[in-house]
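To keep things clear, I will list the structure first and then write my remarks on it.
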Amino acid sequence: MYEIWLALNVLFEVALANLPLILFFLAIWLALTAFVVLRGRANWRGALPAALLAWVLAAGAALFGFPSLVQSSISDMRYWVDWANLIAIAAGLGGVVALFVWPFIAGMARRG
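Quick note on the numbering used here: the sequence shown kicks off at 58 and runs consecutively.
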């Protein structure tokens with residue numbers, strides 16, 4: 058239980074240290090989404106499979122690529138908390154990619 062609490066504290070501190078960057082990307086995402094919504098006739102449901110595919114591809118790339126970015130490897134991960142953190146990081150990165158891809162593709166694949 059201590060490891061999970063420690064991981065959550067580290068996540069909070071990293072997010073707090075990078076708050077301006079997080080707010081910058083949030084503003085870009087809100088502007089992109091507002092642009093697509095105000096433009097009208099976006100195909101949100103039709104763009105969902107492409108966004109999910111982008112999530113899977115980005116999460117898969119992060120799952121295998123992230124350990125090398127921190128000068129580690131998959132073979133160094135022997136503890137379940139390491140795997141849980143890696144999977145959470147990969148899923149989070151994939152989710153961010155999907156959130157940016159979804160409005161972009163929804164605006165490109167217009168209905169009607």
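Even for Gly, the Cβ is constructed at its ideal location relative to N, Cα and C.
What you are looking at is a predicted structure, and each value in this text was computed from that prediction instead of being measured.
- Assigned with DSSP and collapsed to three states, R102 falls in helix.
- Between A147 and A108, the C-beta gap is not smaller than 7 Å, which leaves the two residues out of contact.
- By the neighbour-count criterion, in which a residue is buried when 16 or more other Cβ atoms sit within 10 angstroms of its Cβ, G164 is buried.
- In this structure L143 is in contact with M134, their Cβ atoms being roughly 7 Å apart against a cut-off of 8 Å.
- The shortest CA-to-CA distance from L120 to any of A166, L150, P77 is the one to L150.
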